[in-house]
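Each step along the sequence shown adds one to the number in full-length UniProt numbering, with nothing skipped, and position 88 is 88.
Heads up, the beta-carbon is just placed ideally off N, CA and C, and yes, glycines get one too.
Just so you know, these numbers come straight off a predicted model, no measurement behind them.
See below for the structure under consideration.
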Amino acid sequence: MIQKIFSYLIPIKIFKKKSARSKMIEVTWANGELVLDSENTNYSYGSLQRILRYGLRNIGYKAILDMDHILLLGVAGGSVVKTLVDEIEYKGKITGVEIDSDMIQIANDYFNLNKIKQLEIIIDDAFEFVLKTKNQYDLIIIDIFEDTKMPNFLFERFFSERVCSLLKDQGFVLFNTMILDEAHNVRNRKYIAEINSKLFSSKMLPRIEDHNELIIIEKVA
Numbered sequence: 001m002i003q004k005i006f007s008y009l010i011p012i013k014i015f016k017k018k019s020a021r022s023k024m025i026e027v028t029w030a031n032g033e034l035v036l037d038s039e040n041t042n043y044s045y046g047s048l049q050r051i052l053r054y055g056l057r058n059i060g061y062k063a064i065l066d067m068d069h070i071l072l073l074g075v076a077g078g079s080v081v082k083t084l085v086d087e088i089e090y091k092g093k094i095t096g097v098e099i100d101s102d103m104i105q106i107a108n109d110y111f112n113l114n115k116i117k118q119l120e121i122i123i124d125d126a127f128e129f130v131l132k133t134k135n136q137y138d139l140i141i142i143d144i145f146e147d148t149k150m151p152n153f154l155f156e157r158f159f160s161e162r163v164c165s166l167l168k169d170q171g172f173v174l175f176n177t178m179i180l181d182e183a184h185n186v187r188n189r190k191y192i193a194e195i196n197s198k199l200f201s202s203k204m205l206p207r208i209e210d211h212n213e214l215i216i217i218e219k220v221a
């Protein structure tokens, strides 16, 4: 495809849409791959896929292969789903929760997300879903952004405790956060400090991208 070849020289935008939830969404050929971006940041594939792959590798591909059910809060284009299914060859169930139906339509049209049979997509608010779900999960991936902003509820103790209560024993949370200023650094350290250390261990991974910091929580009891 000519666009793919030329994208090694210059990014080629092939789709643009204004979304009520995510403002502007763009699909672009960049360095030979399709990526999904918002106005100011990468949403799926590209650097975001590298970040979440790094987090999954830290948890361990072998451990992931033994898991039965993974919950993804924030789907966007589904790059982490592709990493799980295509690279790690994970065979269990994946439930993806995404508030923006426009985003899922784009993910289906351009990234074939609807062809992944083990994936169930639920259009819902992540906060509401976490309150309602009765399931327990081996891994919960939190990847929720509105352009470069992260909703405040993600860092509130009530939400983090509810998320941790949904983990099976030896389960993990992989939380992708954005750091744009010192206040965000303080926020992340406060979040880590509030995790119940008797039941859970938590750590921040060294950054591989300037503005993203991954937090991993493991249920040890």
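With respect to the 7 Å criterion, Gly77 and Phe129 are not classified as neighbours on the basis of their beta carbons. Annotation: Ala107 is outside any beta strand (DSSP E); the continuous alpha helix (DSSP H) that includes it extends over Ser101 to Phe111. Taking 7 Å as the cut-off, the Cβ atoms of Asn176 and Leu214 count as close.
In the three-state reduction of the DSSP assignment, His69 falls in the strand class, which pools E and B.
Rounded to the nearest angstrom, the Cβ distance from Asp102 to Ser19 is 4 Å, consistent with a contact under 8 Å.
If you draw a straight line from the Cα of His184 to the Cα of Glu161, it is about 20 Å long. With 16 or more other CB atoms across the displayed protein chains lying within 10 angstroms of its CB, Ala126 is buried. Taking the CA atoms as reference points, Lys149 sits about 12 Å from His211. Counted as a single uninterrupted DSSP element, the stretch harbouring Ser7 is not any beta strand (DSSP E), since DSSP gives it neither H nor E. Arg53 has its alpha-carbon roughly 19 Å from the corresponding atom of Gly32.
Phe158 and Ala193 have their C-alpha atoms some 14 Å from each other.
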